[in-house]
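I have placed the structure first, in the form of structure tokens, so that the comments after it can refer back to it.
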Amino acid sequence: MRNPKILLAIAAFLTVAGLICVITGIILLSRSKSCDKKSFTKRCSPSDEAKRSGFDSFLQKVQDSYFDLHPNKIAYKPKVKPSDIRQKYRSYDPSPANIKRITDEAWRLLDEAKKLDLEVHKLKPREKKALAQVKHYLQHVFGTPYDVNYYAGDFLMGPNLWCWQPLCHVPYEIQSSLPHFKPNTTKDMETLKEKMIEVEKTFNQYIKNMKYGVAVGMVRSKEQCKAGINGLTSYFRKISAKGASGK
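Under our numbering, the first residue of the sequence shown carries the number 1380, and numbering increases by one thereafter.
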């Protein structure tokens, strides 16, 4: 049988060694965070090539264009101010004209990305990744290749089983945006009322789109339609159960 004192000494040594490793790790992490802050300009600023070619400015342009074209998403813009939300928020507009405008602008920006005078090998690794990502993002209409691609025509066919259509994001957009419209005056109340009317227009236009689809033969199968209804009601459960009184 091994000496209990030796085993106890080994256990004590391992415990102390473990504590030293943990403490050393914490110190190194804290130092790395401090170092990250100090070296931010050097490590995270645009490369000379990104600045020369205008790639860094182009990325900002894409972000600004997205939120200009999607005022319903303005609450999600980085560093957005409550005053900006109150000024710019609009409920989702699914009209064919607006969907076409978004599609055309995405593809115009894609052409601009392809024409950038870039020497890719001079970019930082994360910039090369950003270049590939932004091209893919714009090719697929700001990351929404189905309902927001005007030329695909999917916006005429109503919801699907998973309801990944922009219409199903409306509750979250309302939740993020309308609290900034809390009324204090009669004028504030009128503004809030206008925003609620916009939400109504969103759903009325979505219904019109489906009617356009039926008129031109863009319809899902019976099973797909049932699945779409199930998907839609799962996102608007209270309204589907209680009608107009559902919140």
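Glycine included, C-beta positions come from ideal geometry on N, C-alpha and C.
It should be emphasised that the depicted structure is a prediction, and the values quoted were computed from it without experimental measurement.
Span of the alpha helix (DSSP H), counted from its first residue to its last, around residue i
i     : result
N1588 : 1565–1595
N1528 : Careful: N1528 lies outside any alpha helix (DSSP H) and carries neither H nor E.
V1549 : 1549–1556
D1463 : 1461–1467
V1499 : That residue, V1499, is in no alpha helix (DSSP H); it is neither H nor E in DSSP.
A1492 : 1475–1493
N1603 : One point to set straight first is that residue 1603 is Gln, not Asn, in the sequence displayed. Looking at the DSSP string, the run of the alpha helix (DSSP H) that includes Q1603 is 1601–1614.
H1627 : What is shown of the chain runs 1380 to 1626, which leaves residue 1627 out entirely.
L1540 : No alpha helix (DSSP H) contains L1540, which DSSP labels as neither H nor E.
S1432 : 1427–1432
Same chain, Cβ closer than 6 Å to residue i, neighbours up to 5 away in sequence not counted
i     : result
L1489 : L1517, Q1518
L1611 : P1538, C1542
C1585 : For the sequence presented, residue 1585 should be read as Tyr rather than Cys. Correct list, in chain order: P1473, L1546.
Close Cβ partners of residue i (< 8 Å) along its chain, the five nearest in sequence each way excluded
i     : result
L1495 : S1432, G1433, F1434, F1437
L1497 : E1428, S1432, F1434, L1510
H1500 : none
V1578 : S1470, V1549, I1553
D1483 : Y1529
K1493 : K1514
Y1325 : Residue 1325 lies beyond the residue range present for the chain, which begins at 1380 and ends at 1626; the question has no answer from this structure.
D1533 : Y1525, D1526
Residue i, buried or exposed, once every other Cβ within 10 Å from all chains shown has been counted against 16
i     : result
Y1551 : exposed
Y1530 : exposed
N1628 : The chain is shown only over 1380 to 1626; residue 1628 falls outside these bounds and no answer can be derived.
A1620 : exposed
S1600 : exposed
I1576 : exposed
V1595 : exposed
N1583 : exposed
G1625 : exposed
V1593 : exposed
beta-carbon residue i near the ligand NAP non-hydrogen atom, thresh 7 Å
i     : result
R1465 : As for the ligand NAP, it is missing from this structure, which has no ligand bound.
Cut-off 7 Å between Cβ atoms - residues of its own chain near residue i, not counting five sequence neighbours on either side
i     : result
F1446 : K1452, I1453, K1456
K1590 : none
Inter-stretch contact (C-beta, 8 Å, three-pair minimum) for the segment 1472–1487 and the segment 1533–1546: Touching, per the Cβ criterion.
Is it a yes or a no for the segment 1447–1463 touching the segment 1566–1573, going by three-plus beta-carbon pairs under 8 Å? With fewer than three CB-CB distances shorter than 8 Å, the segment 1447–1463 does not count as touching the segment 1566–1573.
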